[in-house]
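Take a look at the structure below.
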């Protein structure tokens, strides 16, 4: 199942590496990633795919140093329900 997350984080050189490592360790494959930085805050839209519950990933992302906010933007279930 695909899920889209919106992440706000403090801009730092090592942040993206931490984000990717957490996704991989929790068993999520990255489908798409889009990032922009404005005034030292990085805004990331991340689509991940896994059979695991998305809460396993979001709970871990909340603990990553530098992450300010994690929001579940959309999931396959949300899209199917609105169709």
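Numbering (the working numbering), first residue to last: -13 to 69. Yeah, the Cβ is synthetic: ideal placement off N, Cα and C, and Gly gets one too.
Contact with chain E by residue i, beta-carbon distance below 9 Å
| i | result |
| --- | --- |
| residue -5 | In the structure shown, chain E cannot be found, because there is only a single protein chain. |
Inter-residue Cα distance where the pair is residue i and residue j
| i | j | result |
| --- | --- | --- |
| residue 39 | residue -5 | 23 Å |
| residue 22 | residue 29 | 5 Å |
| residue -7 | residue 48 | 10 Å |
| residue 32 | residue -10 | 6 Å |
| residue 9 | residue 15 | 7 Å |
Nearest residue (CA-CA) to residue i, options the options
| i | options | result |
| --- | --- | --- |
| residue 4 | 52, 61, 18, 20 | 52 |
| residue 37 | 0, 6, 61 | 61 |
| residue -12 | 6, 17, 9 | 17 |
Start-to-end residues for the alpha helix (DSSP H) that takes in residue i
| i | result |
| --- | --- |
| residue 45 | 40 to 47 |
8 Å contact criterion, which residue i and residue j should meet: CB distance rounded
| i | j | result |
| --- | --- | --- |
| residue 12 | residue 42 | 5 Å |
Residue span of the beta strand (DSSP E) that contains residue i, given as start and end
| i | result |
| --- | --- |
| residue 8 | Residue 8 -> not in any beta strand (DSSP E); alpha helix (DSSP H) instead, spanning 1 to 11. |
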